[in-house]
Amino acid sequence: LNDSGIDLANIDHRRLGVEFGANLMFFMPDGMSDPCRACETAEGEFQFREWGTTGLAKMEPLWLLKYLPNMPACHIAIHADAQGPSNSLTMDEVSGNVAIIEALSVLRRGAADAMIVGTTGTRIHPTKSIHAIQWDQVGYDPENPGLSCKPFDTNRGGQVVGEGAASLILENPEYAAARGAKIHGRILAGASSSVTDSDGKPLLKQ
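The following block contains the structure:
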């Protein structure tokens with residue numbers, strides 16, 4: 002927002018939107034310890050029929066709000082008072098690219114003048130790291146780090162356990178020109194599709 006030079010004090014906030022990608026957010030397993038133990042028999046056997054009443058009653062009341070993947074977009078919109086279209090995407094490595102495509106569609110149909118677009122995510126959370134290892138998705142090769150992170154390569158070797166975030170301001174050309182914005186680039190088009198490989202595993206391609 003600072004780099005874009007948008008004057009938040011003098012814009013129509015209904016014409017500023019947010020399109021943001023985010024990982025699924027996991028909590029630590031011990032967050033379920035007390036609820037699960039409340040559903041056990043004296044012999045330590047978990048009773049599923051007890052979960053809806055006894056187990057859920059032991060959950061932290063606001064636990065879900067910590068892990069909703071739309072929280073980044075929500076807090077960004079609150080910070081910028083962006084009252085326009087808002088959307089969240091959870092599509093792993095392609096979330097950022099698809100967020101750009103979706104924001105482009107919002108601008109082209111005239112629903113906003115400018116969009117805050119980006120993505121954020123982490124793989125260093127203990128639960129997510131365990132998932133990556135169990136699914137054989139860790140692709141870091143200490144002997145050849147240059148080949149470790151190739152998320153869009155047909156010969157990709159897996160994920161790198163790390164984290165990152167980035168954001169852009171996308172605007173209609175007329176809106177940007179009218180306010181004298183410094184234009185860093187132009188997005189002409191984009192598309193996304195969902196397909197499967199020979200094993201039936203879903204793949205997201207850009």
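Residue 2 is where the sequence shown starts when you use the numbering used here, and the numbers rise one by one after that. Where is the CB? At the ideal position from N, CA and C, for every residue including glycine. If you're wondering where the values come from, they're calculated on a predicted model, not measured in any experiment.
7 Å CB neighbourhood of residue i in its chain, flanking five on each side removed
i, result
"L25", "P70, T91"
"A184", "It is Ile, not Ala, that sits at residue 184 in the sequence shown. Hits under 7 Å: A177."
Integer-rounded CB distance, given that residue j should sit under 8 Å from residue i
i, j, result
"A78", "S89", "With 8 Å as the limit, A78 and S89 do not qualify as a contact, their Cβ atoms being about 10 Å apart."
"M116", "E175", "The Cβ separation is near 15 Å, so there is no contact."
"P30", "M60", "Contact flag wrong, Cβ pair sits at about 14 Å."
"S130", "A23", "Not a contact, Cβ separation roughly 17 Å."
"L171", "L105", "7 Å"
Classification of residue i by the beta-carbon crowding that lies within 10 angstroms, buried from 16 upward
i, result
"G181", "exposed"
"A83", "buried"
"L169", "buried"
"E144", "exposed"
"D114", "buried"
"E44", "exposed"
"E46", "exposed"
"L108", "buried"
"I188", "exposed"
"L17", "buried"
Option nearest residue i by Cα separation, candidates the options
i, options, result
"A100", "P143, R110, D114, A74", "A74"
"T121", "L108, A39, G163, N145", "G163"
"V118", "R110, A166, P146", "A166"
"H80", "Q135, A39, L9", "L9"
"G111", "D93, T155, N173, G53", "N173"
"E94", "D154, G6, N11", "D154"
Unbroken beta strand (DSSP E) run spanning residue i, endpoints
i, result
"L90", "87-90"
"M116", "115-123"
"E20", "17-23"
First and last residue of the uninterrupted alpha helix (DSSP H) at residue i
i, result
"I102", "96-109"
"I134", "127-135"
"E172", "Where E172 is concerned, there is no enclosing alpha helix (DSSP H), although the beta strand (DSSP E) it sits in stretches over 164-172."
"A81", "72-81"
"D35", "34-38"
Spatial neighbours of residue i in its chain, beta-carbon cut-off 8 Å, leaving aside the 5 residues before and after
i, result
"P127", "M29"
"I102", "G191, A192, S193"
"T42", "Q48"
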